[in-house]
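Heads up, the sequence shown is in the numbering used here, so the first residue is 3 and it goes up one at a time. A virtual CB, placed ideally from N, CA and C, is assigned to each residue, including glycine. These numbers come from a predicted model, not from an experiment.
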Amino acid sequence: MTKSDEMHVAAPGRGRRLIQAALCQLVACVVVFGSNTLLREVLNITVPLPALLLASGLLAAMLGYWRRLPLWWLPVLALFPLAVAAALWLQLPAWVYLLAFALLLSLQWNAARGGVPLYLTNRQTIAALARLLPDRPGLVVADLGSGLGGTLMALARTRPDARFEGIETAPLPFVLSWLRALLVSRVRFTYGDYHRRNLAAYDVVYCFLSPVPMPDLYAKARREMRPGTILISNSFMVPGHPAHEIIDVDDARQTRLHIWRF
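So, in structure tokens, the structure goes:
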């Protein structure tokens, strides 16, 4: 088991992650502004407030990485102090915060609801996926948690003989992906939970979720997927059920594709 896999298995629960993120911000704030007080009192050095806020955010992100928080937390931690300061300075009306919250919730609905944040598949991984698709006429490929739809749209360009279906429960990503696919008849995106879909309809099922749903998804795939079909998980393994094959992608994220063949 690699270090990356161990991080995925040991990923903390949602409540614990939130507490850790808050503690990272608190510790970073104390360290940065405490150090600034010492610099001012001892060395008579004054650091501009924007620089302190930026330093506090970057330190919080570093602490979040050290505490193995999901990668999508890191930019949130880094930008949070600057965002709070900007909001206070601009004195925005209350409806702006409500709108921002609604947009964020619609984008990261799955993170709040099921512990599955919005992950985007990069180009190198999409190329690796394209090589894994069987050379089979009438191939049907599903992306569970299809996000903004970029993965299936890219795969459709490489496989004009195949059909692709994305399933997404986050409202904003679904709407954006549905609009992208209006002119591509071989790609469709549906709004809903993959738990309510029969995976027997697909030859290849791809997912980039989180450690939380993987055991249940694997059990569902074993029950429903037909002989000769493939389940591919980006980065996240299934404890107790090692993949039949693991593909290391040559990208900055050091992505690993876990493949189960039925």
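Give me the residue from D195, D218, L201 and D252 with the minimum Cα distance to G242.
D218
Please state if the CB of M239 and the CB of H2 are separated by a distance shorter than 8 Å.
Missing from the structure shown is residue 2; the chain here goes from 3 to 264 and no further.
Touch test, the segment 165 to 172 against the segment 143 to 155, Cβ-Cβ under 8 Å, three pairs minimum
yes
Determine, using beta-carbon pairs with one atom in the segment 125 to 144 and one in the segment 249 to 264, whether at least three such pairs fall under 8 Å.
yes
Check whether the segment 170 to 183 touches the segment 207 to 215, taking contact to mean three or more Cβ pairs, one atom from each stretch, closer than 8 Å.
no
Give the DSSP bridge partners of A144, in chain order.
E167 and V207
Would you report the Cα separation of V78 and P162, rounded to the nearest angstrom?
38 Å
Burial state of L233 (16 or more Cβ within 10 Å)
The residue is buried, with at least 16 neighbouring Cβ atoms inside 10 Å.
Coarse secondary structure for T231, derived from DSSP in three states
coil
Start and end of the beta strand (DSSP E) containing T192?
V189 to Y193
According to DSSP, simplified to helix, strand and coil, what is H243?
Residue state, collapsed to three classes: coil.
Which ranges would you report for the alpha helix (DSSP H) in the segment 18 to 97 if only whole runs of at least 4 residues count?
Runs found: 51 to 68 and 75 to 92.
Reference G230, options V34, Y204 and Y208, closest by Cα:
Restricting attention to V34, Y204 and Y208, the CA atom closest to the CA of G230 is found in Y204.
Roughly how many whole angstroms lie between the Cα atoms of A23 and P83?
Rounded to the nearest angstrom, the gap between the Cα atoms of A23 and P83 is 13 Å.
For L157, report the span of its beta strand (DSSP E) as first-last.
First-last for L157: G152 to T160, but that is the alpha helix (DSSP H), not the beta strand (DSSP E).
Using the C-alpha atoms, what's the distance from A57 back to G149?
32 Å
Taking only the alpha-carbon atoms, compute the straight-line gap between L40 and T192 and give it to the nearest angstrom.
57 Å
How is L178 classed by DSSP in three states: helix, strand or coil?
helix
In three-state DSSP terms, what is D137?
coil
Within the same chain, show all residues whose beta-carbon is closer than 7 Å to that of N46, passing over the 5 residues directly before and after it, in chain order.
none
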